[in-house]
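Residue numbers (our numbering), protein chains in the order written: chain A, 10 to 259; chain B, 10 to 259. These notes concern the structure reproduced below.
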DNA sequence: GCCTCATTTATTGTATACATAATGAATGCA
DNA sequence: TGCATTCATTATGTATACAATAAATGAGGC
């Protein structure tokens, strides 16, 4: 929920952006649906100016698409689009890992990653089928990836990785796929965690090519995971909670 | 020049965006300089609402940076940032080439690329040191790269490539470096053109890994070219013309 | 009965007025 | 003399009024 009237500390623009993002991700605004400014005003409770700003930002974010004659519509994504986005993200993360390895990182920079990794290790010994544990996993995993791209020390790269992350994680179907796959193949998480460990090892040993290859393979695993999930969809009831937790963290 | 008062066919927002982009790229607004809305209003001649839209879009474009307390400043880029951006772009173009190769492309899709390639061949037999020929080269080369990413058939990837192109080509120093390097090492263009030919060949023969490797190497060539240019800067007088032609094509 | 043109309506684009927050300077007090 | 507090000024955030354009619907003619 977007706390429409309360929380005066954040700007109207941000409030509108959060509200609208929530509406899109939760599916209340369907793909391909045109969204008029006045409609957005009704939905968010703020006036047209901040609503327009929010719409422009959501367009840049990739959730909306500008209509030539004016206005915006909710962007539609194919499964192929989402799979491609995962590969793009993996490719960029591969470059990030390689940069980190080639340019060298201090033990101080690596510390938060190792800490995060340890937390993930602990978590993965629990039952990842439960909503709480899975949500915690999603958050920790996202943090690992964010820390990793930071490790590259390259502002343009960090920026690009951020942008390429929008689609795989923003899309409702992405969420459906991610969690449903998880439910039936939680050992995949263990392999993913192995990737996390080995990429850090590669970076520490300055093995750039290896670090890059691991992150690419990591993305391929995620993609495979999702393709698998497309066939046998389960646990769709988990979706709303996941979407909500993701929208909140922005 | 951005034709301030004339050309009523385009929106005020777009006019403001073009004007401001031109001001930034031409260096009249210096890196790190704060740009207030009223100042932007003065400079562009449109009112605050479209100016704000333009500022937000330029922020998303990567040319401006939001100041926490409000407002925007012209973003500053290091040489490292620009070199990284070239590598990022090359990496993504590598994926695009691989996608094209793996998924297959029709002869009809390849036709415009081959035509473009032939035009480049003709051009490269001329004196690339002249402003006209070099400008034409820049335009044709940009078109080749755009067509190539289109060939991937992946909307998310095309989008990402577009975004990663902003920095290397938008930045004035990128232009300085690109053209000054060119002036003293025009044989590099011939090698680059060979890359263009061979990547198409690889795509036609469905050699995905080779296609990807070529585009990566292509970017490395560009990066090397620029590093070289950093040492002996020449022909800086060409800069304004190049910036102007680039700003116009958007 | 269908096609075309005009009128009307709705929606976006633009401008400006107002409010609020931040910044800087000046004055008073310690 | 130095620091803090307050006031003034400037800038951004927000709302709304107005204009222009595009879409839709109706009527009239072919």
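Every residue, glycine too, gets a C-beta built ideally from N, C-alpha and C.
Backbone secondary structure at residue i - three-state DSSP
i: residue 32 of chain B; result: helix
i: residue 212 of chain B; result: helix
i: residue 39 of chain A; result: coil
i: residue 163 of chain A; result: coil
i: residue 135 of chain B; result: coil
i: residue 23 of chain B; result: helix
i: residue 115 of chain B; result: coil
i: residue 144 of chain B; result: helix
i: residue 55 of chain A; result: coil
i: residue 258 of chain A; result: Confidence at residue 258 of chain A is low in this model, with a pLDDT of 34, below 50, so its placement is unreliable and the value that follows should be read with caution. Reduced to three states, the DSSP call for residue 258 of chain A is coil.
Short CB-CB distance (under 8 Å) between residue i and chain B
i: residue 90 of chain A; result: yes
i: residue 115 of chain A; result: no
i: residue 93 of chain A; result: yes
i: residue 207 of chain A; result: no
i: residue 104 of chain A; result: yes
i: residue 183 of chain A; result: Low local confidence applies: a pLDDT of 49 at residue 183 of chain A is under 50, so the model's placement there is unreliable, with the coordinate-based value given in what follows. Closer than 8 Å: no.
Min CB distance residue i to chain A below 8 Å
i: residue 44 of chain B; result: no
i: residue 97 of chain B; result: yes
i: residue 35 of chain B; result: no
i: residue 24 of chain B; result: no
i: residue 66 of chain B; result: yes
i: residue 17 of chain B; result: For residue 17 of chain B, the predicted structure reports a pLDDT of 47, less than 50, and the residue's modelled location is therefore unreliable. The matter cannot be settled from this model.
i: residue 259 of chain B; result: Below a pLDDT of 50, predicted positions are generally treated as unreliable, and residue 259 of chain B, at 30, falls in that range; no measurement from the model is reported.
i: residue 28 of chain B; result: no
i: residue 21 of chain B; result: no
Beta-bridge partners of residue i, as assigned by DSSP
i: residue 73 of chain B; result: B/83
i: residue 44 of chain A; result: A/81
C-beta atoms of residue i and residue j nearer than 8 Å
i: residue 90 of chain A; j: residue 165 of chain B; result: yes
i: residue 227 of chain B; j: residue 153 of chain B; result: no
i: residue 73 of chain A; j: residue 86 of chain A; result: no
i: residue 65 of chain A; j: residue 25 of chain A; result: no
i: residue 201 of chain B; j: residue 160 of chain B; result: no
i: residue 92 of chain A; j: residue 225 of chain A; result: no
i: residue 101 of chain B; j: residue 156 of chain B; result: no
i: residue 98 of chain A; j: residue 170 of chain A; result: yes
i: residue 49 of chain B; j: residue 29 of chain B; result: yes
i: residue 132 of chain B; j: residue 146 of chain B; result: yes
i: residue 75 of chain B; j: residue 69 of chain B; result: no
i: residue 84 of chain B; j: residue 103 of chain B; result: no
i: residue 108 of chain A; j: residue 173 of chain A; result: no
i: residue 208 of chain A; j: residue 106 of chain A; result: yes
i: residue 220 of chain A; j: residue 148 of chain A; result: no
i: residue 197 of chain A; j: residue 150 of chain A; result: no
i: residue 96 of chain B; j: residue 232 of chain B; result: yes
i: residue 61 of chain B; j: residue 51 of chain B; result: no
- Using a Cβ-Cβ cut-off of less than 9 Å, list which residues of the stretch 49-64 of chain B approach chain A; keep chain order. For chain A, the residues of the stretch 49-64 of chain B that bring a beta carbon within less than 9 Å of one of its beta carbons are 58, 61, 62, in chain order.
- Name the residues in the stretch 149-172 of chain B whose C-beta lies less than 8 Å from a C-beta of chain A; which are they? Taken in chain order, the members of the stretch 149-172 of chain B whose beta-carbon sits within less than 8 Å of a beta-carbon on chain A are 163, 164, 165, 166, 168, 169, 172.
- Task: Anything in the stretch 66-80 of chain A with a Cβ closer than 8 Å to a Cβ of chain B? List those residues in chain order, please.
- Result: Against chain B - using a Cβ distance shorter than 8 Å - the residues of the stretch 66-80 of chain A are 66, 69, 71.
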